[in-house]
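Just so you know, the protein sequences line up as chains Y and S, in that order. First residue of the first sequence: 60, per the working numbering; consecutive thereafter. First residue of the second sequence: 166, per the working numbering; consecutive thereafter. Input: a single structure, listed below in structure tokens.
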Amino acid sequence: DTAVSQTPKYLVTQMGNDKSIKCEQNLGHDTMYWYKQDSKKFLKIMFSYNNKELIINETVPNRFSPKSPDKAHLNLHINSLELGDSAVYFCASSQGRESSYNEQFFGPGTRLTVL
Amino acid sequence: GQQLNQSPQSMFIQEGEDVSMNCTSSSIFNTWLWYKQDPGEGPVLLIALYKAGELTSNGRLTAQFGITRKDSFLNISASIPSDVGIYFCAGQRYTDKLIFGTGTRLQVFP
Numbered sequence: 060d061t062a063v064s065q066t067p068k069y070l071v072t073q074m075g076n077d078k079s080i081k082c083e084q085n086l087g088h089d090t091m092y093w094y095k096q097d098s099k100k101f102l103k104i105m106f107s108y109n110n111k112e113l114i115i116n117e118t119v120p121n122r123f124s125p126k127s128p129d130k131a132h133l134n135l136h137i138n139s140l141e142l143g144d145s146a147v148y149f150c151a152s153s154q155g156r157e158s159s160y161n162e163q164f165f166g167p168g169t170r171l172t173v174l
Numbered sequence: 166g167q168q169l170n171q172s173p174q175s176m177f178i179q180e181g182e183d184v185s186m187n188c189t190s191s192s193i194f195n196t197w198l199w200y201k202q203d204p205g206e207g208p209v210l211l212i213a214l215y216k217a218g219e220l221t222s223n224g225r226l227t228a229q230f231g232i233t234r235k236d237s238f239l240n241i242s243a244s245i246p247s248d249v250g251i252y253f254c255a256g257q258r259y260t261d262k263l264i265f266g267t268g269t270r271l272q273v274f275p
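Structure representation (structure tokens):
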């Protein structure tokens with residue numbers, strides 16, 4: 060029944076570790092996104108994939124690597140975690156490439172805390 | 166990166182009151198969107214606006230696409246407790262990425 064799902068919901072880890080967040084959508088959408096929401100609630104896009112092809116790659120440290128095994132999944136792997144990576148990460152999907160008519164559906168978020 | 170400025174930053178109102186918030190940008194957008202985020206959840210689209218001057222309603226919510234294409238407004242009439250949350254505007258130029266606003270946190274007291 061869930062449209063866009065993310066796992067885990069909460070992730071607490073030590074600095075320097077490597078972790079992954081998984082995202083799946085069952086809406087049949089072609090485009091998926093990763094957003095980061097900081098402690099001030101500011102939402103900023105990180106990556107966007109359309110049919111497994113990377114189309115948006117914002118200025119994000121290369122410790123962050125998205126991987127899309129198929130168009131229903133977009134995972135986010137983070138190497139050498141830093142304190143500043145603590146945030147809520149949202150996955151989203153939309154029907155096609157970003158356009159005026161394609162609503163983005165957001166997942167419930169993954170709260171990452173780096174100690 | 167670019168941010169859209171929303172005001173007010175937060176609002177504390179009584180149930181039944183009307184609410185107004187706005188969003189301004191230094192650049193022009195082709196699409197304006199308004200999202201609501203409940204605690205512990207992702208943003209949910211409330212209203213989408215595609216044309217300068219457009220006024221669109223969704224129940225008690227009404228949003229307008231500013232004539233200059235650099236601003237947008239959201240009004241909520243007769244607020245209820247479940248209106249509590251953070252409201253975000255977002256702008257988009259053609260097929261470019263969404264740029265989100267700084268958010269307006271709404272608290273409704275019974």
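Note that beta-carbon positions come from the ideal geometry of N, C-alpha and C, so glycine has one too.
The beta strand (DSSP E) enclosing residue i, as first and last residue numbers
i: D236 of chain S; result: 236-241
i: Q174 of chain S; result: It is not in any beta strand (DSSP E) - Q174 of chain S carries neither H nor E in the DSSP assignment.
i: E115 of chain Y; result: Just to set this straight, residue 115 of chain Y is Ile in the shown sequence, not Glu. Element bounds for I115 of chain Y: 112-116.
i: N121 of chain Y; result: Taken as a continuous stretch (DSSP letters only), N121 of chain Y belongs to no beta strand (DSSP E), as it is neither H nor E.
i: G75 of chain Y; result: Unbroken run through G75 of chain Y: none, as it is neither H nor E.
i: K103 of chain Y; result: 102-109
i: Y148 of chain Y; result: 146-153
i: V63 of chain Y; result: 63-66
Any chain Y beta carbon closer than 7 Å to residue i
i: G256 of chain S; result: no
i: G207 of chain S; result: yes
i: K262 of chain S; result: yes
i: I251 of chain S; result: yes
i: G268 of chain S; result: yes
i: L210 of chain S; result: yes
i: F265 of chain S; result: yes
Cβ-based neighbour list, residue i, same chain, cut-off 6 Å, excluding 5 preceding and 5 following
i: F177 of chain S; result: Q272
i: T189 of chain S; result: N170, D236
i: Q350 of chain S; result: With chain S represented from 166 up to 275, any question about residue 350 of chain S goes unanswered, as that position is not in the structure.
i: V119 of chain Y; result: M105
i: A62 of chain Y; result: L86, F164
i: T227 of chain S; result: N240
CB of residue i within 7 Å of CB of residue j, strictly
i: K68 of chain Y; j: Y148 of chain Y; result: no
i: I251 of chain S; j: K100 of chain Y; result: yes
i: F194 of chain S; j: L102 of chain Y; result: no
i: A151 of chain Y; j: Y92 of chain Y; result: yes
i: F106 of chain Y; j: N116 of chain Y; result: yes
i: G218 of chain S; j: I232 of chain S; result: yes
i: Q179 of chain S; j: F253 of chain S; result: no
i: F123 of chain Y; j: I104 of chain Y; result: no
i: L214 of chain S; j: F238 of chain S; result: no
i: F171 of chain Y; j: S145 of chain Y; result: Just to set this straight, residue 171 of chain Y is Leu in the shown sequence, not Phe. Their beta carbons are under 7 Å apart, which means L171 of chain Y touches S145 of chain Y by this criterion.
i: E206 of chain S; j: P167 of chain Y; result: yes
Contact with chain S by residue i, beta-carbon distance below 7 Å
i: H167 of chain Y; result: Reading off the sequence shown, one finds Pro at residue 167 of chain Y, where the question assumed His. Yes, P167 of chain Y lies at the interface with chain S (some Cβ there is under 7 Å from its Cβ).
i: I104 of chain Y; result: yes
i: I115 of chain Y; result: yes
i: F149 of chain Y; result: yes
Euclidean distance between Cα positions of residue i and residue j
i: K262 of chain S; j: S222 of chain S; result: 25 Å
i: F165 of chain Y; j: Q202 of chain S; result: 10 Å
i: V71 of chain Y; j: T169 of chain Y; result: 10 Å
i: R258 of chain S; j: T196 of chain S; result: 7 Å
i: T90 of chain Y; j: N110 of chain Y; result: 6 Å
i: V209 of chain S; j: Y200 of chain S; result: 5 Å
i: D183 of chain S; j: G224 of chain S; result: 13 Å
i: D248 of chain S; j: N85 of chain Y; result: 28 Å
i: D77 of chain Y; j: V173 of chain Y; result: 11 Å
Proximal residues to residue i (C-beta, below 8 Å), its chain only, five neighbours per side dropped
i: G75 of chain Y; result: S139, L140
Beta-carbon contacts of residue i that lie in its chain and below 7 Å, excluding the five residues immediately before and after
i: E48 of chain Y; result: Past the boundaries of the shown model lies residue 48 of chain Y; chain Y is included only from 60 to 174, so the question cannot be answered.
i: Q73 of chain Y; result: L174
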